[in-house]
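Peer 1:
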Amino acid sequence: MPAHNVVFGKPMATTVLSGTSGALYYKPAGTTGSFGEAGVNTTTDTITVETYLNFKVGDPVKFSVINSQTGGSGSGTLPAGLSAGTTYYVIAYTANTGALQVSATAGGAAVDITDDGTAAAPNEFQVAYADFAVVGQVRDWSFEISRAEIDVTTIGQTPGQYVPFRSYISGFGDGTGTATVYMTNEDAALSNRMVQDVLQRQQTGAAFKLYTDRVFSGGTLSESLSRSISFDAVLTSASLNINPDDAQSVTVNFRPAGTPSFDFSTSA
Amino acid sequence: MNYQAIRAAVENPLLSAFGALVPAVPVHFDNITAVPPNTTTEYVRVNVTFGITNEPTLTSSVDNARGAIVIRIFTEKGRGPARNQTLLTTAVNVLETLNNGTKGTSGVYFKVGEINGPTFSATEESPHFMGRIDTSYVATVLS
Chain H
29 MPAHNVVFGK PMATTVLSGT SGALYYKPAG TTGSFGEAGV NTTTDTITVE TYLNFKVGDP
89 VKFSVINSQT GGSGSGTLPA GLSAGTTYYV IAYTANTGAL QVSATAGGAA VDITDDGTAA
149 APNEFQVAYA DFAVVGQVRD WSFEISRAEI DVTTIGQTPG QYVPFRSYIS GFGDGTGTAT
209 VYMTNEDAAL SNRMVQDVLQ RQQTGAAFKL YTDRVFSGGT LSESLSRSIS FDAVLTSASL
269 NINPDDAQSV TVNFRPAGTP SFDFSTSA
Chain Y
7 MNYQAIRAAV ENPLLSAFGA LVPAVPVHFD NITAVPPNTT TEYVRVNVTF GITNEPTLTS
67 SVDNARGAIV IRIFTEKGRG PARNQTLLTT AVNVLETLNN GTKGTSGVYF KVGEINGPTF
127 SATEESPHFM GRIDTSYVAT VLS
């Protein structure tokens, strides 16, 4: 128990995390693309990424150089006009060609790209949804992780006073999650987009950040003081329930695509 | 546990909202004498109850304050529900705004549940028409 909770040698009550400050953040499916030097067109200020991704006009994106073999950061130089760490906004994406244009401001003019940059294989350029964004009007979310167990009990043990116990070893990890979201009349709301993302063929980029305790400091979300679980995800189903009595809601089910990252400490 | 801070989290915004109306509508909280019943002056009564303060654990206890808020609006009888509902809207807006707050690093983090009502009633004896809403709340004292 922390020292500040002890007074006169007796423990004071701590405050329970009631879950009321939880939140759900999301990166939409199909919002991570890659391209090489050949995918840069300085004449039209267009880059060509994979086809049939799910970039929408207004999506905030960031560019980086990655190593396509490791998935980590790579070496190279972004096309001139684009800066790593800067948020740009999609102003056009053509699904069947993969042509993508971005602007420095939402709805602004296309960024002037003046060279192709350098990214020697296995390095390549990546464009991805900038940051987790809050999903509004979330009724609740739940998340479950599990671990398979494998029975390795050997038979033929010498009987004694007590019955022999089974033996197990741990198997693969797995997880499932559910979020119930009230539907709103905002077309661009992430909650509405989650429903369509279930059927998005390429769900690359889909990720959830589940805040168990979202804390703001000075009016800004403090990651160091908040507690969260984040992971790349696959959206597996969406269940709409429309009836005469209840507010319209949709339940979205998802599954981690990799090991979740747990940040349950209140320090960076 | 800081009961005063929890009470203030809901009472202060209600007092401000009704005080900002023109004309201002008096708000009477717990243990404050209400307007005498023989007047037609409109007023608001707010009751905050603490249903549960904490939960015991095997080794100690954890603070987890939950309770109820009852807001009653008294307006002149025989004039229809419009004025009463207008004042109820002010109260509901305050309660809904409380849920827009984000958890900070100090003070009280306060969330209300679903709002029940309004229900209306008017007795023969009283000169007032009463509208009532109530809701639950969960409060976390941060400092």
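Just so you know, the protein sequences line up as chains H and Y, in that order.
Heads up: the first sequence begins at 29 in my numbering, then just goes up one per residue.
Heads up: the second sequence begins at 7 in my numbering, then just goes up one per residue.
Built from N, CA and C at the ideal position, the CB exists for glycine as well.
Note that the coordinates shown come from a computational prediction; the quantities given were computed from them, not determined experimentally.
1) Excluding the five sequence neighbours on either side, which residues of its own chain have a C-beta within less than 6 Å of the C-beta of Leu104(Y), listed in chain order?
2) According to DSSP, is Gln129(H) part of a helix, a strand, or is it coil?
3) Mind pulling the chain H residues with CB within less than 9 Å of Val221(Y)?
4) Pick helix, strand or coil for Asn70(Y), following the three-state DSSP scheme.
5) Just to confirm my understanding: we take Ser256(H), look at its own chain, exclude 5 residues before and 5 after, and list those with CB closer than 7 Å. What are they?
6) Please state whether the Cβ-Cβ distance between Val226(H) and Ala266(H) is less than 8 Å.
7) Let me confirm a value: Met29(H) is counted as buried when at least 16 other C-beta atoms fall within 10 Å, else exposed. Which label applies?
8) To the nearest angstrom, report how far apart Ala11(Y) and Ile119(H) are at their CA atoms.
9) Just checking: is the beta-carbon of Lys109(Y) within a distance shorter than 8 Å of some beta-carbon in chain H?
10) Compare the Cα-Cα distances from Val44(H) to each of Glu82(Y), Glu102(Y), Ala71(Y) and report the closest residue.
11) Can you find at least 3 beta carbon pairs, one from the segment 85–96 of chain H and one from the segment 110–124 of chain H, that sit closer than 8 Å?
12) Answer yes if the segment 278–289 of chain H comes into contact with the segment 205–225 of chain H, meaning at least three C-beta pairs across the two stretches below 8 Å, and no otherwise.
13) Under a CB-based cut-off of 8 Å, is Val93(H) close to chain Y?
14) Could you check where the beta strand (DSSP E) with Glu89(H) kicks off and where it finishes?
15) Report yes if the CB atom of Asp143(H) is closer than 8 Å to the CB atom of Thr248(H), and no otherwise.
16) Under 8 Å: do the segment 13–32 of chain Y and the segment 59–67 of chain Y share three or more Cβ pairs, one atom per stretch?
17) When Cβ atoms are compared, which residues of the segment 141–168 of chain H fall closer than 9 Å to chain Y?
18) For chain Y, is any of its Cβ atoms less than 8 Å away from the one on Leu253(H)?
19) Can you pull the chain Y residues whose beta carbon is under 9 Å from the beta carbon of Arg242(H), in chain order?
20) What's the call for Tyr196(H), buried or exposed, on a 16-neighbour Cβ count within 10 Å?
21) Could you tell me whether any Cβ in chain Y is nearer than 8 Å to the Cβ of Thr181(H)?
22) Curious, which full-length beta strand (DSSP E) runs of at least 3 residues does the segment 163–234 of chain H contain?
23) Is there at least one Cβ from chain Y nearer than 8 Å to Gln276(H)'s Cβ?
24) State the beta-bridge partners of Val33(Y) as determined by DSSP.
25) Let me know if Leu268(H) comes out buried or exposed under the rule of 16 or more other beta-carbons within 10 Å of its beta-carbon.
26) Determine the extent of the alpha helix (DSSP H) in which Ile139(Y) is found, giving its start and end residues.
27) Measuring straight from C-alpha to C-alpha, what distance separates Thr79(H) and Gly86(H)?
28) Just the Cα atoms here: how many angstroms apart are Ile75(H) and Ser252(H)?
29) Looking at chain Y, is there any beta carbon in it that lies within less than 8 Å of the beta carbon of Val209(H)?
30) Using a C-beta to C-beta distance shorter than 9 Å, which residues of chain Y count as neighbours of Thr279(H)?
31) Going by DSSP in three states, Glu24(Y) sits in which element: helix, strand or coil?
32) Please look up how many angstroms separate the CB atoms of Gln185(H) and Ile94(H), rounded, as I've assumed it's under 8 Å.
33) So what's Asn90(Y) in DSSP terms, helix, strand or just coil?
34) So Ile139(Y) and Ala88(Y) are supposed to be a Cβ contact under 8 Å. How far apart are they, rounded?
35) Can you check which of these residues, Asn53(Y), Asn8(Y), Met136(Y), is closest to Leu93(Y) by C-alpha distance?
36) Name the two residues that bound the continuous beta strand (DSSP E) containing Gln154(H).
Peer 2: The short version:
1) Here residue 104(Y) refers to the residue found at position 98 when the second sequence is read from its first residue. Closer than 6 Å at the Cβ level, and outside the excluded window around Leu104(Y), lie Phe116, Val118.
2) In the first sequence, the residue the question calls residue 129(H) occupies position 101. In this structure, Gln129(H) counts as strand in the three-state DSSP scheme.
3) In the structure as shown, chain Y begins at 7 and stops at 149. Residue 221(Y) is therefore absent and cannot be evaluated.
4) What you label residue 70(Y) is simply residue 64 of the second sequence in a count that begins at 1. Reduced to three states, the DSSP call for Asn70(Y) is strand.
5) Within the first sequence, residue 256(H) is the residue found at index 228, counting from 1. Closer than 7 Å at the Cβ level, and outside the excluded window around Ser256(H), lie Lys237, Leu238, Tyr239, Thr240, Asp291.
6) Against the first sequence, residue 226(H) aligns to sequence position 198. Against the first sequence, residue 266(H) aligns to sequence position 238. Taking 8 Å as the Cβ cut-off, Val226(H) and Ala266(H) qualify as a contacting pair.
7) Reading the first sequence from its first residue, position 1 is the one you call residue 29(H). Bear in mind that a pLDDT of 36 at Met29(H), under 50, signals an unreliable position, so the number given afterwards is only what the model happens to contain. Exposed is the call here.
8) Taking the second sequence and counting its residues from 1, one reaches residue 11(Y) at position 5. Taking the first sequence and counting its residues from 1, one reaches residue 119(H) at position 91. Going by the C-alpha atoms only, they are around 48 Å apart.
9) The sequence position of residue 109(Y) within the second sequence is 103, counting from 1. So yes, Lys109(Y) belongs to the interface.
10) Taking the first residue of the first sequence as 1, we reach residue 44(H) at position 16. When only C-alpha atoms are compared, the closest one is Ala71(Y).
11) yes
12) yes
13) For the purposes of this step, residue 93(H) is taken as the residue at position 65 of the first sequence. No, Val93(H) lies away from the interface with chain Y (no Cβ there is under 8 Å from its Cβ).
14) Locating residue 89(H) in the first sequence gives position 61, counting from the first residue. Correcting the residue type first, residue 89(H) is Val in the shown sequence and not Glu. 88–95 is the span of the beta strand (DSSP E), which, as asked, contains Val89(H).
15) Residue mapping note: residue 143(H) aligns to position 115 of the first sequence, counting from 1. Residue mapping note: residue 248(H) aligns to position 220 of the first sequence, counting from 1. Cβ distance not < 8 Å, so Asp143(H) and Thr248(H) don't count as in contact.
16) no
17) none
18) Position 225 of the first sequence holds residue 253(H). Yes, contact with chain Y.
19) Your numbering for residue 242(H) matches position 214 in the first sequence. The contacting residues are Thr108, Lys109.
20) As a working note, residue 196(H) is residue 168 in the first sequence. By the 10 Å Cβ count, Tyr196(H) comes out exposed.
21) Counting from 1 along the first sequence, the entry for residue 181(H) is found at position 153. Answer no: the Cβ-Cβ gap between Thr181(H) and chain Y never drops below 8 Å.
22) 166–179, 196–210
23) Locating residue 276(H) in the first sequence gives position 248, where the first residue counts as 1. It does not; no Cβ of chain Y falls within 8 Å.
24) The sequence position of residue 33(Y) within the second sequence is 27, counting from 1. In DSSP, Val33(Y) forms a bridge with Val50(Y).
25) Here residue 268(H) corresponds to residue number 240 of the first sequence, with the count starting at 1. Exposed, by the Cβ-count rule.
26) Here residue 139(Y) refers to the residue found at position 133 of the second sequence. No alpha helix (DSSP H) holds Ile139(Y); the beta strand (DSSP E) holding it covers 134–147.
27) Walking along the first sequence from the start, residue 79(H) turns up at place 51. Walking along the first sequence from the start, residue 86(H) turns up at place 58. Rounded to whole angstroms, Thr79(H) to Gly86(H) spans 18 Å at the Cα level.
28) Residue mapping note: residue 75(H) aligns to position 47 of the first sequence, counting from 1. Residue mapping note: residue 252(H) aligns to position 224 of the first sequence, counting from 1. If I take the Cα positions, the gap works out to 36 Å.
29) Within the first sequence, the letter at position 181 stands for residue 209(H). So, not an interface residue.
30) Working through the first sequence from its first residue, we reach residue 279(H) at position 251. Going along chain Y, no residue has its Cβ under 9 Å from Thr279(H), so there is no contact; the nearest lies around 19 Å.
31) Within the second sequence, the letter at position 18 stands for residue 24(Y). Strictly speaking, residue 24(Y) in this sequence is Phe, with Glu absent from that position. Correct three-state label for Phe24(Y): helix.
32) Residue 185(H) sits at position 157 when you count from the first residue of the first sequence. Residue 94(H) sits at position 66 when you count from the first residue of the first sequence. Going by Cβ atoms, the distance from Gln185(H) to Ile94(H) rounds to 53 Å, so no, they are not a contact pair.
33) Mapped onto the second sequence, residue 90(Y) falls at position 84. Residue state, collapsed to three classes: helix.
34) For the purposes of this step, residue 139(Y) is identified with residue 133 of the second sequence, where counting begins at 1. For the purposes of this step, residue 88(Y) is identified with residue 82 of the second sequence, where counting begins at 1. That belief does not hold up - the Cβ atoms of Ile139(Y) and Ala88(Y) are roughly 16 Å apart, past 8 Å.
35) Residue numbering aside, residue 93(Y) sits at position 87 when the second sequence is read from its first letter. Among Asn53(Y), Asn8(Y), Met136(Y), the Cα nearest to that of Leu93(Y) belongs to Met136(Y).
36) As a working note, residue 154(H) is residue 126 in the first sequence. Its beta strand (DSSP E) spans residues 151–157.
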